[in-house]
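Inspection log for the structure reproduced underneath, given as structure tokens.
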Amino acid sequence: MVERHCLDAEFGRSFENEAIFVFTVADGRISEIRGVSDRLGLFLQLGWDWPTVD
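Shown next as structure tokens:
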């Protein structure tokens with residue numbers, strides 16, 4: 001799943017975020033939902049400064 005979001009409509013900046021969701025089904029019903037998103041990719045698109053090792 002890829003989601004597209006607009007940060008600022010005035011400047012047209014946007015980002016994409018990939019995620020995966022896992023549904024556990026028990027007795028015909030969803031009993032658990034787990035999700036993981038690509039946070040590193042999101043942070044890189046947003047221009048976060050990463051600490052460096054001295």
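In UniProt numbering, the protein residues as written are 1 to 54.
Backbone N, C-alpha and C fix where the C-beta goes; we use that ideal spot for every residue, glycine too.
Quick caveat: nothing in here was measured; it's all calculated off a predicted structure.
For glycine 35 and threonine 24, the rounded distance between their alpha carbons: Reading the sequence shown from its first residue, position 24 is the one you call residue 24. Reading the sequence shown from its first residue, position 35 is the one you call residue 35. Spanning the two alpha carbons is a distance of roughly 11 Å.
To the nearest whole angstrom, what separates the beta carbons of glutamate 16 and serine 37, a pair I think is in contact under 8 Å? Against the sequence shown, residue 16 aligns to sequence position 16. Against the sequence shown, residue 37 aligns to sequence position 37. Actually they do not touch by this definition, with Cβ atoms about 11 Å apart.
Beta-carbon separation of isoleucine 33 and phenylalanine 21 under 8 Å? Indexing the sequence shown from 1 puts residue 33 at position 33. Indexing the sequence shown from 1 puts residue 21 at position 21. Yes, the pair counts as a contact, with Cβ atoms nearer than the cut-off.
Residues of its chain near leucine 44, where Cβ-Cβ distance is below 6 Å and the 5 sequence neighbours each way are ignored: Along the sequence shown, read from residue 1 onward, the residue named residue 44 stands at position 44. Result list for leucine 44: empty, nothing under 6 Å.
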